[in-house]
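Trainee: This is the structure I want to talk about, given as structure tokens.
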Amino acid sequence: MNPEQARREMEALFPGLETNEALQTAFRAHPGAERYLEDEPELGRSIPWVLVRCEIGGKTITGLVVSGTSARHGWNLEEAFVMFTTDVAASGAFVPVTHDTATVSVIGTVPGTNRNPGRPDAVTLLGQLAEITARWASDRRKTDAWGVWSRVHGQPAFPECFVEFHRGDEVTRGLVIAGALDAAGGWDFTRPVHLMIWPAREITLDPTQAEWKEVLHGDEVPQSRRG
């Protein structure tokens, strides 16, 4: 898959991707962004970029949620939140939103992309994640089964935990597409997980056999070493 194909797949998977990315850039350049990032340092990391459309006073405003009540896979939009938008001012503005004054709908969600900003292979990893996710999404049986399971267990609409396991010189990297959940609702890495690895092969792996692991996208799980 070439970069253009990967980009098209990303746009299909993440509605509003172009607008989302443009708003991310404008947000980071805005002098008021620092305060929000200090208050919520996981924004753009374990908290994804959520693009919303709000009907406020007869006007339609589109923006990124940058503050509010966080939930496991993003924000609790039933509570009050603040969005960043360029619809009000070209340089950007922060707009408080409450349900008694606005109608809110989600356009799309983009996973955080700066979990590993220091890795020189970060762009390559994102490309692999996009390709694996696209191949997973092309299998109707997998997506239908995941849809039922995710609604029952309160999981995101598609797999988003991209993890890397290390054992000696061997590195296994893949998207978690099945496994057991822990008490907090994340993947239980003390039990076998089923991975789709690049480019499109599936394996079942015992995480306890790895010397250490790193979650590249998705659930926030600290690195672990066997003692």
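Heads up: take any position in the sequence shown, counting from 1, add 86, and you land on this note's numbering.
We treat Cβ as the ideally placed atom computed from N, Cα and C, and that holds for glycine.
As the structure is a computational prediction, the values presented were derived from the model and not from experiment.
Helix, strand or coil for proline 197? Go by DSSP, reduced to three states.
Mentor: Mapped onto the sequence shown, residue 197 falls at position 111. Reduced to three states, the DSSP call for proline 197 is coil.
Trainee: Is glycine 154 near valine 168, with beta carbons less than 8 Å apart?
Mentor: For this step, residue 154 is matched to residue 68 along the sequence shown. For this step, residue 168 is matched to residue 82 along the sequence shown. Yes, Cβ-Cβ distance for glycine 154 and valine 168 is below 8 Å.
Trainee: Out of Gly272, Trp161 and Phe180, which has the shortest C-alpha to C-alpha gap to glycine 194?
Mentor: On the sequence shown, residue 194 is found 108 positions in, with the first residue counted as 1. Comparing Cα positions, the closest option is Trp161.
Trainee: To the nearest angstrom, report how far apart proline 127 and arginine 259 are at their CA atoms.
Mentor: Locating residue 127 in the sequence shown gives position 41, counting from the first residue. Locating residue 259 in the sequence shown gives position 173, counting from the first residue. Those two C-alpha atoms are separated by around 26 Å.
Trainee: Which residue's Cα is closest to the Cα of arginine 131: Thr148, Gly144, Gln110 and Val192?
Mentor: Looking up residue 131 in the sequence shown gives position 45. Looking at the Cα atoms, Gln110 is the closest of the given residues.
Trainee: Out of Glu141, Ala223 and Ser224, which one is the CA nearest neighbour of serine 191?
Mentor: Residue 191 sits at position 105 when you count from the first residue of the sequence shown. Out of Glu141, Ala223 and Ser224, the CA that lies nearest to the CA of serine 191 is found in Glu141.
Trainee: Mark histidine 239 as exposed unless 16 or more other C-beta atoms lie within 10 angstroms of its C-beta, in which case mark it buried.
Mentor: Working through the sequence shown from its first residue, we reach residue 239 at position 153. It is exposed - the Cβ of histidine 239 has fewer than 16 other Cβ atoms within 10 Å.
Trainee: Please classify histidine 185 as buried or exposed, where buried requires at least 16 neighbouring CB atoms within 10 angstroms.
Mentor: On the sequence shown, residue 185 is found 99 positions in, with the first residue counted as 1. Label assigned to histidine 185: exposed.
Trainee: Report the residue ranges of all beta strand (DSSP E) runs contained in full by the segment 99 to 181; include only those spanning at least 3 residues, in chain order.
Mentor: 135 to 142, 145 to 153 and 167 to 171
Trainee: Going by Cα to Cα distance, which pick from Ser156, Val196 and Val234 is closest to glutamate 104?
Mentor: Taking the sequence shown and counting its residues from 1, one reaches residue 104 at position 18. That would be Val196, whose Cα lies nearest to the Cα of glutamate 104.
Trainee: Using the three-state DSSP reduction, which class does serine 224 fall into: helix, strand or coil?
Mentor: Here residue 224 refers to the residue found at position 138 of the sequence shown. Note: serine 224 maps to coil in three-state DSSP.
Trainee: Using the three-state DSSP reduction, which class does arginine 311 fall into: helix, strand or coil?
Mentor: Position 225 of the sequence shown, counted from the start, is the residue given in the question as residue 311. In this predicted model, arginine 311 has a pLDDT of only 33, less than 50, meaning its place in the structure is not dependable; the value taken from the coordinates is given anyway. DSSP places arginine 311 in coil when its eight states are reduced to three.
Trainee: With a 10 Å radius around its C-beta and 16 neighbouring C-beta atoms as the bar for buried, classify proline 343 as buried or exposed.
Mentor: Outside the shown range of the chain, which is 87 to 313, sits residue 343, and nothing can be said about it.
Trainee: In its own chain, which residues sit with a C-beta less than 8 Å from the C-beta of isoleucine 263, not counting the 5 before and 5 after it?
Mentor: Position 177 of the sequence shown, counted from the start, is the residue given in the question as residue 263. Answer for isoleucine 263: Trp222, Lys228, Trp232, Pro245, His280, Leu281, Met282 and Glu288, listed in chain order.
Trainee: In the structure shown, what three-state DSSP assignment does tryptophan 273 receive?
Mentor: Translated into positions along the sequence shown, residue 273 becomes position 187. Here tryptophan 273 sits in strand by DSSP.
Trainee: Give the C-beta separation of glycine 304 and phenylalanine 251 to the nearest angstrom, bearing in mind that I take them to be a contact with Cβ-Cβ under 8 Å.
Mentor: The residue labelled residue 304 in the question sits at position 218 within the sequence shown. The residue labelled residue 251 in the question sits at position 165 within the sequence shown. Glycine 304 to phenylalanine 251, Cβ: 14 Å. No contact.
Trainee: Thinking phenylalanine 170 and leucine 150 are a contact (beta carbons under 8 Å), I'd like their distance in whole angstroms, please.
Mentor: Translated into the one-based positions of the sequence shown, residue 170 becomes position 84. Translated into the one-based positions of the sequence shown, residue 150 becomes position 64. Rounded, the Cβ-Cβ distance is 5 Å, consistent with contact.
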